[in-house]
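Comments concern the structure below.
In full-length UniProt numbering, the protein residues as written are 1 to 281.
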């Protein structure tokens with residue numbers, strides 16, 4: 001058994017698939033808010049030969065994330081960190097999305113920068129919603145999202161209660177912030193001899209993705225899929241393949257960047273083949 005530790009924060013559909021892809025022969029630490037899920041995955045992954053440890057974590061709590069990072073360091077050399085934890089607009093209101101999707105990622109980047117081993121790498125799961133938000137926020141707001149100290153992030157006036165119209169808008173801002181925070185954090189991670197990048201998935205067939213397809217935005221999302229270059233919904237395996245690349249030696253010169261894995265949806269929007277209402281033109 002290697003002394004390398006793989007940390008996966010958010011053990012749902014993508015998290016489990018990534019853990020299975022990269023966790024063989026290493027110690028796997030799964031962190032999630034859902035203790036029933038952690039129990040199930042301990043049995044499932046353990047039964048398949050993985051060396052699994054789990055710990056409940058609230059990603060919006062610095063103390064909770066710090067405890068997870070410390071636990072990872074106790075297990076061995078923390079060479080891989082994957083942050084998939086998040087809420088979608090159909091699952092949560094504005095405040096919860098900002099706490100989990102925005103603040104939670106910022107805290108994770110800070111805390112795992114303390115323990116990541118030289119030569120290690122991290123991946124944050126952002127979203128194509130963040131890519132679509134590029135250019136919609138003034139430069140000074142993007143700078144604030146990127147560089148404001150983590151513990152002051154939710155005090156920014158444009159993130160204050162009532163300042164964001166709805167959960168969808170909050171999600172777009174949070175996911176754009178993920179991309180920006182990763183870019184900024186790559187410097188601190190680099191000082192440890194480590195790399196960090198983000199992946200922005202499109203519509204992926206996870207429980208979260210299926211909930212969105214069944215929700216108010218479902219028709220728009222199906223229009224996106226239809227107009228995209230691949231014409232299909234993504235799978236957790238698609239994201240695991242991207243993560244495996246970014247976390248591996250073939251990406252040793254890649255850090256502080258975002259990999260869009262959306263099947264061509266953003267390309268369809270930007271080419272004019274798809275309007276923002278989701279209809280092909």
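We put the beta carbon where it would ideally sit given N, CA and C, even for glycine.
Does the Cβ-Cβ distance between residue 123 and residue 202 come in under 7 angstroms?
-> Numbered from 1 along the chain shown, position 123 holds the residue referred to as residue 123. Numbered from 1 along the chain shown, position 202 holds the residue referred to as residue 202. Not closer than 7 angstroms, so no.
Compare the beta carbon distance of residue 85 and residue 59 with 7 angstroms and say whether it is the shorter of the two.
-> Translated into the one-based positions of the chain shown, residue 85 becomes position 85. Translated into the one-based positions of the chain shown, residue 59 becomes position 59. Against a cut-off of 7 angstroms, the Cβ pair of residue 59 and residue 85 comes out as a contact.
Assign residue 4 to one of three DSSP states: helix, strand, or coil.
-> Along the chain shown, one-based indexing puts residue 4 at 4. Looking at residue 4 - three-state DSSP - the assignment turns out to be strand.
Return the CA-CA distance between residue 25 and residue 51, expressed in angstroms with no decimal places.
-> Counting from one through the chain shown, the residue named residue 25 turns up at place 25. Counting from one through the chain shown, the residue named residue 51 turns up at place 51. Their Cα atoms are separated by approximately 8 angstroms.
Along the chain, where does the alpha helix (DSSP H) that runs through residue 22 open and close?
-> In the chain shown, residue 22 corresponds to position 22, counting from 1. 13-22 is the extent of the alpha helix (DSSP H) around residue 22.
Between which two residues does the beta strand (DSSP E) harbouring residue 51 extend?
-> Within the chain shown, the letter at position 51 stands for residue 51. Unbroken beta strand (DSSP E) run through residue 51: 51-56.
Sequence-distant residues of its chain with Cβ nearer than 7 angstroms to residue 65 (five each side left out) | Taking the chain shown and counting its residues from 1, one reaches residue 65 at position 65. Excluding sequence neighbours, residue 65 sits near 57, 59, 107, 108 and 111.
Under the three-state reduction of DSSP, which class applies to residue 192: helix, strand or coil?
-> The residue given as residue 192 occupies position 192 in the chain shown. Residue 192 falls in the coil class under three-state DSSP.
Do you know how far the Cα of residue 230 is from the Cα of residue 294?
-> Since the first and last residues shown for the chain are 1 and 281, residue 294 lies out of range.
Nearest neighbour of residue 256, chosen from 87, 187 and 29 [CA to CA] = On the chain shown, position 256 is the one that residue 256 refers to. The closest CA to that of residue 256, considering only 87, 187 and 29, is found on 187.
Going along the chain, which residues of its own chain have a beta-carbon closer than 6 angstroms to the beta-carbon of residue 233, five neighbours each way excluded?
-> For the purposes of this step, residue 233 is taken as the residue at position 233 of the chain shown. Within the same chain, residue 233 has close Cβ partners 203, 205 and 225.
Helix, strand or coil: which one does DSSP assign to residue 156?
-> Counting from 1 along the chain shown, the entry for residue 156 is found at position 156. It is coil, neither helix nor strand.
Beta bridge counterpart(s) of residue 80 as assigned by DSSP = One-based indexing of the chain shown puts residue 80 at position 80. BP columns for residue 80 point to 6 and 121.
In three-state terms, what does DSSP make of residue 89?
-> Locating residue 89 in the chain shown gives position 89, counting from the first residue. Looking at residue 89 - three-state DSSP - the assignment turns out to be coil, as it is neither helix nor strand.
Quick one: any contact between the stretch 88-102 and the stretch 169-183, if contact means 3 or more CB pairs under 8 angstroms?
-> yes
Kindly confirm or deny that the stretch 236-252 and the stretch 113-123 touch, where touching means at least three C-beta pairs closer than 8 angstroms.
-> With a cut-off of 8 angstroms, the stretch 113-123 and the stretch 236-252 count as touching, because enough Cβ pairs lie within range.
From the DSSP output, which residues share a beta bridge with residue 61?
-> As a position in the chain shown, residue 61 is number 61, starting the count at 1. Looking at the DSSP assignment, residue 61 forms no beta bridge with any residue, so it has no partner.
Does DSSP put residue 265 in a helix, a strand or coil?
-> Mapped onto the chain shown, residue 265 falls at position 265. In the structure shown, residue 265 sits in a helix (DSSP, three-state: H, G or I).
Alpha carbon to alpha carbon, what distance is there between residue 63 and residue 145?
-> To locate residue 145, count along the chain shown from 1; it is residue 145. To locate residue 63, count along the chain shown from 1; it is residue 63. About 22 angstroms.
Got a sec, what are the start and stop residues for the beta strand (DSSP E) residue 28 sits in?
-> Here residue 28 corresponds to residue number 28 of the chain shown, with the count starting at 1. From DSSP, the beta strand (DSSP E) with residue 28 extends over 27-32.
Residue 137 versus residue 47: straight-line alpha-carbon distance, rounded | Locating residue 137 in the chain shown gives position 137, where the first residue counts as 1. Locating residue 47 in the chain shown gives position 47, where the first residue counts as 1. The C-alpha of residue 137 lies about 47 angstroms from the C-alpha of residue 47.
Length of the line joining the Cα atoms of residue 149 and residue 184 = Within the chain shown, the letter at position 149 stands for residue 149. Within the chain shown, the letter at position 184 stands for residue 184. It is roughly 11 angstroms from the alpha-carbon of residue 149 to the alpha-carbon of residue 184.
Entirely within the stretch 215-262 and at least 4 residues each: give me those alpha helix (DSSP H) ranges in chain order.
-> 218-227 and 236-247
Over the uninterrupted alpha helix (DSSP H) stretch that includes residue 38, give me the two end residues.
-> Looking up residue 38 in the chain shown gives position 38. Start and end: 35-47.
Can you tell which of 272, 239 and 252 has its C-alpha closest to the C-alpha of residue 263?
-> One-based indexing of the chain shown puts residue 263 at position 263. Nearest option by C-alpha distance: 239.
What whole-angstrom Cβ distance do residue 151 and residue 76 have, given they're in contact under 8 angstroms?
-> By one-based count along the chain shown, residue 151 stands at place 151. By one-based count along the chain shown, residue 76 stands at place 76. Not quite, the Cβ-Cβ distance comes to about 29 angstroms (not below 8 angstroms), so this is no contact.
Please name the residue or residues paired with residue 197 in a DSSP beta bridge.
-> The residue given as residue 197 occupies position 197 in the chain shown. Looking at the DSSP assignment, residue 197 forms a beta bridge with 123.
Under the three-state DSSP convention, the category residue 204 falls into = Start at 1 with the first residue of the chain shown, and residue 204 comes out as number 204. Residue 204: strand per DSSP, three-state reduction.
What are the boundary residues of the alpha helix (DSSP H) that residue 164 is part of?
-> Position 164 of the chain shown, counting from 1, holds the residue named residue 164. Unbroken run through residue 164: none, as it is neither H nor E.
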